[in-house]
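Heads up, the final residue of the sequence shown is numbered 683 in numbering that gives the first Met the number 0, and it's a clean run with no missing numbers.
All C-beta atoms in this analysis are idealised placements derived from N, C-alpha and C, irrespective of residue type, glycine included.
Note that the structure is a prediction, hence the values are computed from the model and not measured.
Below is one structure, written out as structure tokens, with a few remarks after it.
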Amino acid sequence: MDTMIELPAMRRSAELAPNTADADSRTVEVVWSAGARVRRATFFGEPYDEELSLDPAHVRLDRLNAGAPFLKVHELDTLDAVIGSVVPGSARIENGRGIALVRISERADVEPIWRDIQAGHIRAVSIGYQVHRFEVSKAEAARELWRAVDWTPFEVSAVAVGADPAAGFRAQHPLHDCVLHRRDAPTPQGASPMTDKTQTAARNAAAPATTQPTEPVETEDTPMTELSSAAPDPKVAASETRSQPKTQATPSPDTEAVATRAREAERDRVSTIYDLAGRLNLERGFAEDLVKRGVSVDESRRLILDQVAAKSDETRTFPHVSVPLGGRDERITRRDAVANALLHRYSPTLFQLEDAARQYRGMTLLELARESLGNAGVNTRGLSRDEVATRALHSTSDFPEILSAVTNKTLRQAYDAYPRTFMLFCRQVLATDFKAMHRVQLGEAPQLLEVGESGEFKRGTLGESKESYKVKTYGRVVAITRQTLINDDLDAFTRIPAMYGNSIAQLESDVVWGIITANPAMADGNALFHTTHKNLAGTGAALDVSSVGAARAAMAKQTGLDKKTVLNVRPAFLIVPASLELKAEQLVAQNLVPAATSSVVPQSIRTLAPISEPRLDAASETAWYLAASPNQIDTIEYAYLEGQQGAYIETRNGFDVDGVEIKCRLDFGAKAIDWRGLYKNPGA
């Protein structure tokens, strides 16, 4: 008995063979069908098995051999979705398998896909096909077998690991006619061909989007069939309709209403199951199984709650943390690889490209955003560039963390690269809070006194003087909007943070060198450089051997707080403005052939390390300084807040702006602790 039914276009997973990729011709071979038997679940009736006959007489290869499109994830509504085409005349059937050669487009946006195919990252391929005639048979105690004996493959698509099972048939998409031939199956008494067709059409229209295979397929990927939104070829459908016997009548309005309600009920069922599973953080495969088996909403709720309870029990029973092979989570590894690819794109000399990051090289920010959303389980098919950017910046994907890592590393690199000359003669400490820190300036130990026979040891005290300062917070916020992603403006995530890194390092230098140039008052009420402190030359002298010798002698004669003990402070650094840098270097350079004995520079002066700082020029281009090593005596001390050493950066999803906000912060403070380790000559 023949019955005319209406079916949508269907899809079935296939296999792509990366080892057949030819880089010169940009071709790769696909096995578009292996004739596997798969199970199809229905909404109104019993499940049945579907099998595609690979008898050459049963397959219409005209559309494939005419150069059928090679698409990106079955997208049929945009020209950008076409990433290649089947080589005309290459589609054939060999040894029970459908084989075709696909040529990849040379467009720039297709290049990453071609590289992934060559590398073997993209292996899953799916075909769209139309069935014009089924032969239906049924053995005892078995499901019905629907064997397609007249069908047309009309497109091939590159897909990820499986398609979205919820993406099913929609009411507004057209159907095509298919003859259903049942062997030895008389029409039930009282049933009309019209009723049989209507019920079958409604059954297929409401069928779940995917089916579970009952036999293994000769591919590495799980076989999958799903309802498609692809429009069939009207000419083929019309021709087939005319050539096959029909018992079809025009559907009544009531029949269409029943089919429409069935479709809506199925959509509600599928969306409810996925929503419940997603909110309870269940694996997507669990929800897919419920959808495939046609489980009702009420039964699905019960099974989902049981699954949540089972996971909770499992967590209590096995409290250990499972660490993947290699010690790193795959998500963290992927996130670091994407960040490395962006950093290498920013500066190939500073950031070497790692092996794991090579697959992301050349991808735009928007492509990486789409990739991150896909890894987080977000379906980006059909989303505009603006929607992809917005969701990537305001979602649970890894993309905000990737951008944060990129901005942080570029800021730190620029911060560390900036020359901070004060660190050589200053001492670093850590502050536990923002309260004032009191630094005790210890005096010399009391002199030892002779102890006679049977005499007593006399007690002595340490002189001390206090200096205090506290850590202050400096910061700024910059916003990176979704327009930055859309425009692929990588500089916003690299150059801007790098400039902030330089700015923070400059701020530290401004604070420390500002102490030298401002000459602030110490705890005793006198300026840092003051004649009372015996660290300021009474008359300025040009930088030469004699003036440096006099300064060294003055530092050596510094006494302790008791005004008696000689400290013999030895200078280690010669600090000059940029205008005196050359003269300072000549002074401490080795004299190989001195012109006269008076021109010989003593070894004690040549051991001084010159420090040139252009910030000193603004105060005086002639003044120069000597500084002792902080290991011998305190000079200037600078402090960071504990746990926040150096530049610190934070990111968050923007509230006032549509994007990401980056906050740069520095907790820093500095103070001159002891004047005896510093000396100033105003110069001449």
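Query	Result
For V511, the three-state DSSP class (helix, strand or coil)	helix
Backbone secondary structure at A22 - three-state DSSP	coil
Cβ-based burial, A56 [other Cβ within 10 Å; buried from 16]	exposed
Neighbour-count burial assignment, K563, 16 or more Cβ in a 10 Å radius	exposed
Exposed unless 16 or more other CB atoms sit within 10 angstroms - verdict on E386	exposed
Buried/exposed call for V155, threshold 16 Cβ in 10 Å	buried
Boundaries (first-last residue) of the alpha helix (DSSP H) holding W113	E110 to A118
Cβ separation of V575 and P609, assumed to be a contact under 8 angstroms, to the nearest whole Å	7 angstroms
Cβ pair S32, H73 closer than 9 angstroms	no
Pair within 9 angstroms by beta-carbon distance, R132 and D48	no
Beta-carbon gap between N680 and G500 smaller than 9 angstroms	no
Y345 (DSSP reduced to helix, strand or coil)	helix
The alpha helix (DSSP H) enclosing A552, as first and last residue numbers	V544 to A555
Neighbourhood of E580 by C-beta distance below 6 angstroms, restricted to the same chain and skipping five residues each side	S611
Residue nearest to D543 in terms of C-alpha spacing, selected from D561, T480 and T621	T621
C-beta contact flag for L670 and I648 at 9 angstroms	Note that residue 670 corresponds to Lys in the displayed sequence, not to Leu. No.
The segment 55-69 / the segment 85-102 touching (three or more Cβ pairs under 8 angstroms)	yes
Delimiting residues of the alpha helix (DSSP H) encompassing L410	F398 to A416
Element boundaries [alpha helix (DSSP H), containing Q643]	Looking at the DSSP string, Q643 is not in any alpha helix (DSSP H), and its letter there is neither H nor E.
Span separating the alpha-carbon of G676 from that of V600	23 angstroms
Short Cβ contact (9 angstroms threshold) for F492 with T406	yes
Proximity below 9 angstroms, CB of E636 to CB of R426	yes
Which of helix, strand or coil DSSP assigns to K563	coil
Cα-Cα separation, A368 to A391	6 angstroms
Within 9 angstroms, strictly: CB atoms of A355 and N339	yes
Inter-stretch contact at 8 angstroms, needing at least 3 Cβ pairs: the segment 281-289 / the segment 299-309	yes
Short Cβ contact (9 angstroms threshold) for N374 with R419	no
Buried/exposed call for T348, threshold 16 Cβ in 10 Å	exposed
Cut-off 7 angstroms between Cβ atoms - residues of its own chain near S546, not counting five sequence neighbours on either side	A540 and N680
Contacts around T19, its chain only, beta-carbon distance under 6 angstroms, and the 5 residues preceding and following it disregarded	V27 and E28
Distance, Y414 Cα to Q631 Cα	29 angstroms
CB contact flag (G95, L144, <9 angstroms)	no
N567, buried or exposed, once every other Cβ within 10 Å from all chains shown has been counted against 16	exposed
Cβ-Cβ distance between D335 and A404 below 9 angstroms	yes
I672 to A617 span [Cα, whole Å]	24 angstroms
Sub-9 angstroms separation of L665 and R551 beta-carbons	no
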